[in-house]
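Chemist: Following this message is one structure expressed as structure tokens.
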Amino acid sequence: MATTLATAGVRPLSGASGRARARERRHRGLLGLLAWACGIVFFLPFAWMVLTSLHSEQDAAANPPHVGASLTLHGYREFFGSGTGVSPWPPLVNSLTASLASTALVLLLAIPAAYALSIRPVRKWTDVMFFFLSTKMLPAVAGLLPVYLIAKNAGLLDDIWLLVVLYTSMNLPIAVWMMRSFLADVPVAIMEAAQIDGAGLPTVLTRIVTPVVLPGIAATALISFIFSWNELLFARVLTGVVAGTAPVFLTGFVTSQGLFLAKVCAAAVCISLPVLAAGFAAQDKLVQGLSLGAVK
606 MATTLATAGV
616 RPLSGASGRA
626 RARERRHRGL
636 LGLLAWACGI
646 VFFLPFAWMV
656 LTSLHSEQDA
666 AANPPHVGAS
676 LTLHGYREFF
686 GSGTGVSPWP
696 PLVNSLTASL
706 ASTALVLLLA
716 IPAAYALSIR
726 PVRKWTDVMF
736 FFLSTKMLPA
746 VAGLLPVYLI
756 AKNAGLLDDI
766 WLLVVLYTSM
776 NLPIAVWMMR
786 SFLADVPVAI
796 MEAAQIDGAG
806 LPTVLTRIVT
816 PVVLPGIAAT
826 ALISFIFSWN
836 ELLFARVLTG
846 VVAGTAPVFL
856 TGFVTSQGLF
866 LAKVCAAAVC
876 ISLPVLAAGF
886 AAQDKLVQGL
896 SLGAVK
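Shown next as structure tokens:
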């Protein structure tokens, strides 16, 4: 009888376990299909842009588009100066300068601030974080006129370093918020042991904290770089010929003569390459960084 009861008690448990595994497989399959669908939705516009950049203007403007049309590099030759009369290299260098310099300043300011809010928290640190993030709630266009007037009176219009300061202030709140979640996972005992050995705050930050949260720093730096590289509103209003960035240069392809799709798509592909290269180069660090702080 004991054997019968034991057997009877095992069967329902085994059946429930099998149903749970089957349900988990179905959920994983649905999540996989959803991930593929999202990936295709985001990839198709970029693939269309690349394909259009390799067509002639006549084929690119056709409706419906000619899928089997012959390919050409004419759009890229137009982008690199032979058709526009303006070299794209100065705007690309300006974008690279503004993005790299502002990203470096963001990290230099965000890491100590996040350290103070996570490892050495102040009273009501949630209010401090809300203050940081509340600056992102203001529409960017609302601050455009005051910034323009200040820059005009200070003689900073068409100056690349004005964009560096603006991009730093724009990306600093989100960087502090991200870095705080990363630094919250650093064991306090490690830093206390370093301080007992005589390490000061700069040593703790550079030799103890930074190596531990390096993936998080890479993720924060990449996001800050992307936001700075893609910014158009302030760059369009505050810069001219000298400090114009790549997105501003891209808008120059929309003329009164019309929109030349092949040329615009070729320019968009070239301007997107630095961001794509940075994303692929830091892909592993980005995934690790965004997963920091997800599990407590």
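Numbering-wise (the numbering used here), the sequence shown opens with residue 606 and increments by one.
All C-beta atoms in this analysis are idealised placements derived from N, C-alpha and C, irrespective of residue type, glycine included.
As the structure is a computational prediction, the values presented were derived from the model and not from experiment.
1. Extract the residue ranges of the alpha helix (DSSP H) inside the region 795-862, only unbroken runs of 4 or more that lie entirely within it.
2. Looking only at DSSP bridge pairs, what is L864 linked to?
3. For H671, does the three-state DSSP call read helix, strand or coil?
4. Please report the residue range of the alpha helix (DSSP H) in which I724 lies.
5. Going by C-alpha distance, which of I716, N699, E662 and L638 is nearest P816?
6. Taking the alpha helix (DSSP H) that R785 falls in, what are its first and last residues?
7. According to the Cβ coordinates, are V752 and L771 closer than 8 Å?
8. Flag this pair as yes or no: are the beta carbons of S739 and F830 separated by less than 8 Å?
9. Should the region 799-807 be regarded as contacting the region 775-784, the criterion being three or more beta carbon pairs within less than 8 Å?
10. How should L788 be labelled, buried or exposed, when 16 other C-beta atoms within 10 angstroms of its C-beta is the threshold for buried?
11. Please report the straight-line C-alpha distance between S877 and A627, rounded to a whole angstrom.
12. Between which residues of its own chain and M606 is the CB-CB distance below 8 Å, once the five residues before and five after are set aside?
13. Taking just the CA atoms, how far does L676 sit from M783?
14. Would V711 and A780 be called neighbours here (beta carbons separated by less than 8 Å)?
15. If A718 and A823 are in contact, beta carbons under 8 Å, what's the gap, nearest whole angstrom?
16. Which of helix, strand or coil does DSSP assign to R728?
17. What is the DSSP secondary structure of S918, reduced to helix, strand or coil?
18. May I have the straight-line CA-CA distance separating P695 from G686, to the nearest angstrom?
19. On the three-state DSSP scale, how would you describe L676?
20. Could you spell out where the alpha helix (DSSP H) holding V752 opens and where it closes?
21. Give every residue of the same chain whose Cβ lies closer than 7 Å to the Cβ of N699, excluding the five residues on either side of it in the sequence, and list them in chain order.
22. Any idea if P650 is buried or exposed, counting beta-carbon neighbours within 10 angstroms, 16 or more meaning buried?
Modeler: So, from the data block:
1. 819-835, 838-843 and 851-856
2. Counted from its first residue, the sequence shown places residue 864 at position 259. According to DSSP, L864 bridges with V859.
3. For the purposes of this step, residue 671 is taken as the residue at position 66 of the sequence shown. Correct three-state label for H671: coil.
4. Taking the sequence shown and counting its residues from 1, one reaches residue 724 at position 119. Unbroken run through I724: none, as it is neither H nor E.
5. Numbered from 1 along the sequence shown, position 211 holds the residue referred to as residue 816. Considering only alpha carbons, the answer is I716.
6. Here residue 785 corresponds to residue number 180 of the sequence shown, with the count starting at 1. Looking at the DSSP string, the run of the alpha helix (DSSP H) that includes R785 is I765 to L788.
7. One-based indexing of the sequence shown puts residue 752 at position 147. One-based indexing of the sequence shown puts residue 771 at position 166. Going by C-beta atoms, V752 is nearer than 8 Å to L771.
8. In the sequence shown, the residue the question calls residue 739 occupies position 134. In the sequence shown, the residue the question calls residue 830 occupies position 225. Taking 8 Å as the Cβ cut-off, S739 and F830 do not qualify as a contacting pair.
9. Not touching, per the Cβ criterion.
10. Taking the sequence shown and counting its residues from 1, the one referred to as residue 788 is at position 183. The residue in question, L788, is buried, as its Cβ has 16 or more Cβ neighbours within 10 Å.
11. In the sequence shown, the residue the question calls residue 877 occupies position 272. In the sequence shown, the residue the question calls residue 627 occupies position 22. Between S877 and A627, the C-alpha separation is close to 43 Å.
12. Here residue 606 corresponds to residue number 1 of the sequence shown, with the count starting at 1. For M606, the predicted model reports a pLDDT of 47, less than 50, meaning its position is unreliable and no value from the coordinates is stated.
13. Mapped onto the sequence shown, residue 783 falls at position 178. Mapped onto the sequence shown, residue 676 falls at position 71. Rounded to the nearest angstrom, the two C-alpha atoms are 44 Å apart.
14. If you number the sequence shown from 1, residue 711 lands on position 106. If you number the sequence shown from 1, residue 780 lands on position 175. Yes, the Cβ-Cβ distance between V711 and A780 is below 8 Å.
15. On the sequence shown, residue 718 is found 113 positions in, with the first residue counted as 1. On the sequence shown, residue 823 is found 218 positions in, with the first residue counted as 1. The distance from the Cβ of A718 to that of A823 is about 18 Å, inconsistent with a contact at the 8 Å cut-off.
16. Walking along the sequence shown from the start, residue 728 turns up at place 123. Of the three classes helix, strand and coil, the one that applies to R728 here is coil, per DSSP.
17. The structure shown does not extend to residue 918, since the chain is modelled only from 606 to 901, so the question has no answer here.
18. Within the sequence shown, residue 695 is the residue found at index 90, counting from 1. Within the sequence shown, residue 686 is the residue found at index 81, counting from 1. Between P695 and G686, the C-alpha separation is close to 12 Å.
19. Residue mapping note: residue 676 aligns to position 71 of the sequence shown, counting from 1. Coil.
20. Here residue 752 refers to the residue found at position 147 of the sequence shown. Note, V752: alpha helix (DSSP H), L749 to A759.
21. Mapped onto the sequence shown, residue 699 falls at position 94. I765, A848, G849 and T850.
22. Start at 1 with the first residue of the sequence shown, and residue 650 comes out as number 45. Exposed is the call here.
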